[in-house]
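*Asks:* In the numbering used here, the protein residues as written are 2 to 133. C-beta atoms are modelled at their ideal positions from N, C-alpha and C, and glycine is treated no differently.
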């Protein structure tokens, strides 16, 4: 491990959605304390509160979100790799989202306790009561 990282759980249950490449960002995607919108030539991906996603949208519910406590300078390498390595070693699937200051790692809710245990055993520290 490169270094011990602090992380916290973002309150709520999240969904990862897929819309058409050139779709407009829907209003429902922009509610809540945490959401992420990524647009490429192939798709529009949205991470937001699961309860907000309409049933007709292609999505997967049931994701928990872990926030790494940044900010991290762009010159620092291995941050995300250090955090997800213990999860990979335990075959815990992830979905990662990065911002200017930090990273967020989503894991399926049924895996979150196993994920937090793996992270603690790897030397990472869970902070209590932190919001996105």
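In three-state DSSP terms, what is residue 180?
*Replies:* Only positions 2 to 133 of the chain appear in this structure, which leaves residue 180 out of reach.
*Asks:* Following the continuous beta strand (DSSP E) through residue 17, name the residue where it begins and the one where it ends.
*Replies:* Note, residue 17: beta strand (DSSP E), 7 to 20.
*Asks:* Taking 6 Å as the cut-off, is the CB of residue 17 close to at least one heavy atom of the ligand MG?
*Replies:* Looking at this structure, you won't find the ligand MG or any other ligand, since it has none at all.
*Asks:* Excluding five sequence neighbours on each side, which residues of the same chain lie with their C-beta closer than 7 Å to the C-beta of residue 5?
*Replies:* So the list reads 124, 125 and 126, once near-sequence residues are dropped.
*Asks:* Look at the Cβ atom of residue 80, then the Cβ atom of residue 88, and state whether they are nearer than 7 Å.
*Replies:* Against a cut-off of 7 Å, the Cβ pair of residue 88 and residue 80 comes out as no contact.
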